[in-house]
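To start, the structure itself, in structure tokens.
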Amino acid sequence: MFGSMPSSKKFRSLPLIVVFLLILQLVATTLLLPRSATAQTQTINPYGVNTFLEKEVENWKKEKTFQLISEAGIGWVKQEFSWDEIEFRKGYFYDDKFQKSSWEKFDQIVNLAVKYNINIVARLDRTPLWANPQSGDPMHPPANFQDYADFIKAFVTHYKGKINYIQVWNEPNLGYEWTGTPDAKKYVEMLKLAYQAAKSADPNIKVMNAPLAMTVEKGPTNLSELDFFSQMYQAGAKPYFDVIAANGYGLEFPPEDAPDPQKLNFRRVELLHDIAVKNGDSTKQVWFNEYGWNASPADFPADKLIWRRVTEQQQADYTVRGYKYARDNWSWSGVIFMWYFRQVGDITPDRSDYYFQMVTTDFKTKPVYDALKKDALAFINQKGLPTPVPFTPVTQPVTTTAAVATTQANTTAAVTTTKAVATTAAIAAPTQTSSSSSGSGDNSSALNLIIVGIVVLLVGGGGAAFYFIQQRNRQ
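First residue of the sequence shown? That's 2 in our numbering, and the numbers climb one at a time after it.
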């Protein structure tokens with residue numbers, strides 16, 4: 002019954018077998034591909050916020066911050082990891098004062114980010130005293146750039162697999178964040194060493210250049226970011242960063258306001274991108290380190306309005322419109338980080354930067370938070386991106402009898418938050434539960450595997466039966 006076929010019949014059957022195998026492979030590949038896999042490859046969650054969690058003392062506040070970030074559909078945080086709080090002397094990562102690892106405080110922040118499926122871009126700056134004893138200013142770069150590079154390597158090694166993006170320094174086109182005078186060539190020397198050190202620790206790490214402050218000044222203390230960025234390319238910076246970091250404040254202008262070299266506005270970033278294109282760097286994405294509009298009160302002193310001002314409603318409206326403008330017009334735009342999410346109380350109401358906050362120190366949301374949350378949740382659901390991780394809202398713990406009254410008030414507020422979270426969780430289904438810091442994944446993988454198995458059995462069994470029946474009829 003299963004005797005050998007004539008050679009000619011074997012060759013006539015070969016095309017049928019090949020077609021059958023190709024169809025089987027196509028079906029299996031299609032079903033194994035996670036839902037929205039194409040979208041996840043080409044689309045990332047573009048919503049990010051700047052946080053100051055290294056200053057937060059109480060653990061419940063750190064977690065509540067991440068809960069509100071996750072609940073809003075925000076996928077990224079930009080968090081500073083201060084070199085002077087981690088490496089107390091060369092190669093020494095221990096806090097003698099508190100008798101614990103100097104990584105511990107930052108590990109807690111990173112682990113919370115993983116728990117809530119939030120990606121981190123690590124801002125790495127602030128020179129410890131031992132690395133620049135002559136200056137003594139943590140805002141200035143180290144005397145020996147190799148010391149900074151060695152710290153970068155230790156940092157990337159420590160957080161390998163949990164932090165995949167780092168930012169090398171901050172705003173070196175401002176004198177007070179460099180040595181008093183901007184120097185693009187010197188910054189590129191430091192960037193090169195940092196890049197090489199980071200890649201030696203993790204070849205997959207993504208390195209961002211220092212974002213440059215928006216300014217029209219021409220020196221000597223501060224230098225236009227357009228001039229400084231051009232000088233970076235002239236100094237050979239192109240191979241030593243993977244993502245272009247920029248700032249995007251709107252000041253008093255709407256997000257659609259046209260760019261001009263003599264004007265500071267949101268679309269000024271187009272001029273920065275033009276410089277990259279001119280230098281053959283068109284394939285790199287531009288990520289916004291700081292983005293937003295300031296909503297200082299109408300009676301705020303004019304001499305303190307560094308970022309000008311808009312109303313709270315304009316702040317909310319312009320913010321959402323800016324994200325939409327970037328999506329619709331800039332294929333090169335990546336993550337946009339709001340300045341800022343929440344501060345810990347060290348920025349007082351008599352300062353203009355107090356009025357960037359999306360969430361107050363006592364965790365009350367501002368109109369800009371509510372507007373961005375609505376926009377972000379709609380976007381990630383439309384694109385099939387990971388949705389907020391479900392959680393039980395944290396509240397201030399009761400520690401003393403005197404604190405009971407305050408705690409009761411916070412608990413009442415938490416009840417409202419719980420209801421809102423429950424509603425959001427229902428809207429956001431299906432929920433992404435992966436804790437991977439990459440922000441990708443799909444809960445349907447197991448179901449897909451089952452479906453593939455069934456299809457393979459049906460198609461394979463049917464094909465085999467058809468094959469043997471055909472051969473039997475030919476004999």
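Where a beta carbon is used, it is the ideal one built from N, C-alpha and C, also for glycine.
Tell me whether residue i sits in a helix, a strand or coil according to DSSP, three-state version.
| i | result |
| --- | --- |
| Gly176 | helix |
| Gly481 | This structure gives no information on residue 481, because the portion of the chain shown stretches from 2 to 476. |
| Gln109 | helix |
| Gln383 | helix |
| Thr320 | helix |
| Glu291 | strand |
| Lys367 | coil |
| Arg343 | coil |
| Phe152 | helix |
| Phe53 | coil |
| Ile482 | Nothing can be reported for residue 482, as the shown portion of the chain is limited to 2 through 476. |
| Ala123 | strand |
| Gln315 | helix |
| Glu253 | coil |
| Ser353 | helix |
| Lys193 | helix |
| Ser201 | helix |
| Gln232 | helix |
| Val248 | In the sequence as presented, Val is not what sits at residue 248; that position holds Asn. Three-state DSSP puts Asn248 in a strand. |
| Gln135 | coil |
| Lys62 | helix |
| Lys98 | coil |
Can you grab the Cα-Cα spacing for the pair residue i / residue j, in whole Å?
| i | j | result |
| --- | --- | --- |
| Ile45 | Ile381 | 9 Å |
| Ala277 | Trp61 | 43 Å |
| Lys219 | Gln263 | 11 Å |
| Phe229 | Leu272 | 13 Å |
| Ala144 | Pro298 | 43 Å |
| Val287 | Ala246 | 6 Å |
| Lys193 | Phe107 | 26 Å |
| Glu59 | Arg352 | 24 Å |
| Phe338 | Val50 | 4 Å |
| Lys374 | Val311 | 20 Å |
| Val157 | Phe301 | 43 Å |
| Gly92 | Pro129 | 12 Å |
| Lys63 | Lys279 | 43 Å |
| Lys367 | Arg343 | 10 Å |
| Glu55 | Ile110 | 8 Å |
| Glu105 | Phe254 | 42 Å |
| Thr388 | Ile119 | 11 Å |
| Asp138 | Gly251 | 30 Å |
| Asp243 | Gln100 | 38 Å |
| Val270 | Asp97 | 44 Å |
| Gln80 | Ala259 | 31 Å |
| Tyr234 | Val78 | 28 Å |
| Pro183 | Asn295 | 27 Å |
| Gly323 | Phe289 | 12 Å |
| Pro173 | Met209 | 13 Å |
| Gln135 | Ala185 | 22 Å |
| Ser437 | Phe392 | Below a pLDDT of 50, predicted positions are generally treated as unreliable, and Ser437, at 36, falls in that range; the measurement from the model is reported next regardless. Using only the alpha carbons, I get a separation of about 17 Å. |
| Arg268 | Asp275 | 12 Å |
| Gln232 | Pro394 | 49 Å |
Which residue wins for smallest C-alpha separation from residue i, given the options the options?
| i | options | result |
| --- | --- | --- |
| Lys384 | Val395, Pro391, Arg328, Asp347 | Arg328 |
| Thr284 | Trp331, Ala144, Ala211 | Trp331 |
| Ala211 | Val311, Trp294, Ile167, Phe254 | Ile167 |
| Ala238 | Lys116, Tyr188, Tyr250, Lys374 | Tyr188 |
| Val122 | Ile206, Arg268, Val399, Ser102 | Ile206 |
| Ser102 | His159, Arg352, Ser334 | His159 |
| Tyr241 | Glu190, Glu172, Glu226 | Glu190 |
| Leu175 | Arg268, Gln315, Met215 | Met215 |
| Pro47 | Trp308, Gln135, Thr320 | Thr320 |
| Asp354 | Gly293, Arg124, Tyr95 | Gly293 |
| Leu265 | Asn248, His274, Asp275 | Asn248 |
| Lys365 | Glu257, Thr66, Thr52, Glu57 | Thr66 |
Within 10 angstroms of its Cβ, does residue i collect 16 or more other Cβ (buried), or is it exposed?
| i | result |
| --- | --- |
| Ala73 | buried |
| Gly76 | buried |
| Pro142 | buried |
| Glu291 | buried |
| Phe82 | buried |
| Ile164 | buried |
| Thr399 | Note that residue 399 is Val in the sequence shown, not Thr. Classification for Val399: exposed. |
| Arg90 | exposed |
| Gln397 | buried |
| Asp371 | exposed |
| Thr349 | exposed |
| Asp376 | buried |
Cβ pair count under 8 Å reaching 3, the stretch 196-207 against the stretch 142-153: yes
Is there contact here, the stretch 365-382 with the stretch 107-118, by at least three beta-carbon pairs under 8 Å? no
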